[in-house]
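Asker: In the numbering used here, the protein residues as written are 58 to 366. Supplied in structure tokens, the structure appears directly below.
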């Protein structure tokens with residue numbers, strides 16, 4: 058595969074709550090010639106500004122103001138281009154109209170099955186680009202396991218009903234720790250919030266981490282970042298996770314609203330310490346081998362090469 062030239066139009070994620078696209082562009086730069094644009098504007102003006110002739114133009118989600126600066130003129134491009142699509146449930150009619158353009162855009166969806174269900178009429182070029190974990194950040198820091206059960210992030214009952222139920226049921230249990238969502242924004246080093254490395258450090262001292270895939274059944278970032286931080290992921294299961302290689306009892310533990318308490322009790326019982334540690338280690342190895350930033354960057358470049366080549 059030749060070394061590709063890619064223009065990536067995206068917001069700057071280096072200090073944002075979610076930093077995966079910062080890690081991704083760093084990995085891409087090791088394997089391809091990548092020019093970043095954080096300003097946006099008319100696409101031909103963007104190309105003139107950077108004096109760059111790319112093989113492919115990649116836009117972060119143009120329907121998500123935190124992900125991509127405003128862009129125009131893309132429908133007149135004679136250079137292959139595509140867009141990464143994130144929250145499929147937002148601005149659905151605008152997304153549907155965008156998808157049904159002729160020629161149809163190339164889409165790199167974060168969530169495969171939910172995309173195909175929500176936009177079943179879309180007939181364009183579709184590629185699956187799931188979440189991943191950056192192993193230099195999400196890793197085993199060898200911290201003592203001082204937290205039995207950890208929950209972090211949003212627990213809104215309307216979007217995350219299982220998280221809300223678990224939080225309510227376990228609220229008074231000794232060893233149960235909950236951290237609120239810090240908000241989708243940029244964070245400076247002086248702000249003491251549990252994001253990026255701080256998030257990984259906190260997860261690393263937990264025996265069990267509880268979460269869910271929301272009412273949208275998305276394979277969310279926590280499914281990758283938690284095992285990569287060497288904690289036992291206990292979470293709801295969906296078809297995307299199965300296709301990605303998640304196996305309950307092997308590299309994580311699947312739970313639902315009826316059995317989460319029994320499974321928490323089982324995996325925290327002293328007689329089952331070795332089993333919990335075994336599944337935790339297998340989850341850790343699984344993510345590092347199959348779902349690291351470098352693995353995902355190589356997969357993305359292979360997709361782009363198949364489009365331009």
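The C-beta atom is built at its ideal place from N, Cα and C for all residues, glycine as well. Please read these numbers as outputs of a predicted model, since none were measured by experiment.
1) When DSSP labels each residue in this structure, what does residue 140 get in the three-state scheme?
2) Can you give the Cα-Cα distance for residue 256 and residue 362, rounded to whole angstroms?
3) Please report the straight-line C-alpha distance between residue 283 and residue 260, rounded to a whole angstrom.
4) Helix, strand or coil for residue 151, going by three-state DSSP, please let me know.
5) Between which two residues does the alpha helix (DSSP H) carrying residue 227 extend?
6) What's the call for residue 306, buried or exposed, on a 16-neighbour Cβ count within 10 Å?
7) For residue 91, write down the residues that DSSP places opposite it in a beta bridge.
8) Is the Cβ-Cβ distance between residue 344 and residue 267 less than 8 Å?
9) Does the distance from the C-beta atom of residue 186 to that of residue 265 stay below 8 Å?
10) What residues in its chain sit with their C-beta under 8 Å from that of residue 309, if we drop five residues either side in the sequence?
11) Applying the 10 Å Cβ sphere with the 16-neighbour rule, what's the burial state of residue 241?
12) Can you name the start and end residues of the alpha helix (DSSP H) that residue 292 belongs to?
13) My understanding is that residue 89 touches residue 61, with C-beta atoms under 8 Å, so please give their C-beta distance in whole angstroms.
14) Helix, strand or coil, according to DSSP, for residue 352 in the structure here?
15) Mind checking whether residue 158 and residue 132 have CB atoms under 8 Å apart?
16) From the DSSP secondary-structure annotation, give me the bridge partner or partners of residue 129.
17) Between the region 165–174 and the region 196–203, do at least 3 Cβ pairs fall closer than 8 Å?
18) Determine whether the beta carbon atoms of residue 140 and residue 103 lie at a separation below 8 Å.
19) Taking just the CA atoms, how far does residue 80 sit from residue 350?
20) In terms of residues, what are the limits of the alpha helix (DSSP H) holding residue 344?
21) Cα separation between residue 380 and residue 91?
22) Quick one: grab the DSSP three-state call for residue 360.
23) For residue 145, is the classification buried or exposed, using 16 other Cβ atoms within 10 angstroms of its Cβ as the cut-off for buried?
24) Curious, which full-length alpha helix (DSSP H) runs of at least 4 residues does the region 147–191 contain?
Answerer: On the basis of the supplied data:
1) Looking up residue 140 in the chain shown gives position 83. Strand at residue 140.
2) The residue given as residue 256 occupies position 199 in the chain shown. The residue given as residue 362 occupies position 305 in the chain shown. C-alpha separation (whole angstroms): 35 Å.
3) The count along the chain shown starts at 1 and reaches residue 283 at position 226. The count along the chain shown starts at 1 and reaches residue 260 at position 203. So the alpha carbons of these two residues sit roughly 7 Å apart.
4) The count along the chain shown starts at 1 and reaches residue 151 at position 94. Three-state result, residue 151: helix.
5) Translated into the one-based positions of the chain shown, residue 227 becomes position 170. Element bounds for residue 227: n/a, residue is neither H nor E.
6) By 1-based counting over the chain shown, the position of residue 306 is 249. Label assigned to residue 306: exposed.
7) Position 34 of the chain shown, counting from 1, holds the residue named residue 91. Looking at the DSSP assignment, residue 91 forms a beta bridge with 63.
8) Numbered from its first residue, the chain shown carries residue 344 at position 287. Numbered from its first residue, the chain shown carries residue 267 at position 210. Contact: no.
9) For the purposes of this step, residue 186 is taken as the residue at position 129 of the chain shown. For the purposes of this step, residue 265 is taken as the residue at position 208 of the chain shown. Contact: no.
10) Taking the chain shown and counting its residues from 1, one reaches residue 309 at position 252. So the list reads 280, 284, 289, 290, 291, 292, 303, 336, 340, once near-sequence residues are dropped.
11) Here residue 241 corresponds to residue number 184 of the chain shown, with the count starting at 1. Per-residue confidence for residue 241 stands at a pLDDT of 49, beneath the threshold of 50, marking its modelled position as unreliable; the derived number appears in the next sentence. The residue is exposed, with fewer than 16 neighbouring Cβ atoms inside 10 Å.
12) Taking the first residue of the chain shown as 1, we reach residue 292 at position 235. Residue 292 -> not in any alpha helix (DSSP H); beta strand (DSSP E) instead, spanning 289–292.
13) As a first step, residue 89 must be located in the chain shown, where it is residue number 32. As a first step, residue 61 must be located in the chain shown, where it is residue number 4. Right, their Cβ atoms sit about 4 Å apart.
14) Sequence index remark: in the chain shown, residue 352 carries index 295 (1-based). Helix at residue 352.
15) Start at 1 with the first residue of the chain shown, and residue 158 comes out as number 101. Start at 1 with the first residue of the chain shown, and residue 132 comes out as number 75. Yes, the pair counts as a contact, with Cβ atoms nearer than the cut-off.
16) Residue numbering aside, residue 129 sits at position 72 when the chain shown is read from its first letter. Answer is 99, bridged to residue 129.
17) no
18) Here residue 140 refers to the residue found at position 83 of the chain shown. Here residue 103 refers to the residue found at position 46 of the chain shown. Going by C-beta atoms, residue 140 is not nearer than 8 Å to residue 103.
19) Residue 350 sits at position 293 when you count from the first residue of the chain shown. Residue 80 sits at position 23 when you count from the first residue of the chain shown. Taking the straight line joining both Cα atoms gives about 7 Å.
20) The sequence position of residue 344 within the chain shown is 287, counting from 1. Start and end: 330–347.
21) This structure cannot speak to residue 380, because the chain is shown only from 58 to 366.
22) By 1-based counting over the chain shown, the position of residue 360 is 303. Of the three classes helix, strand and coil, the one that applies to residue 360 here is helix, per DSSP.
23) As a position in the chain shown, residue 145 is number 88, starting the count at 1. Buried: at least 16 other Cβ atoms inside 10 Å.
24) 149–156, 169–175
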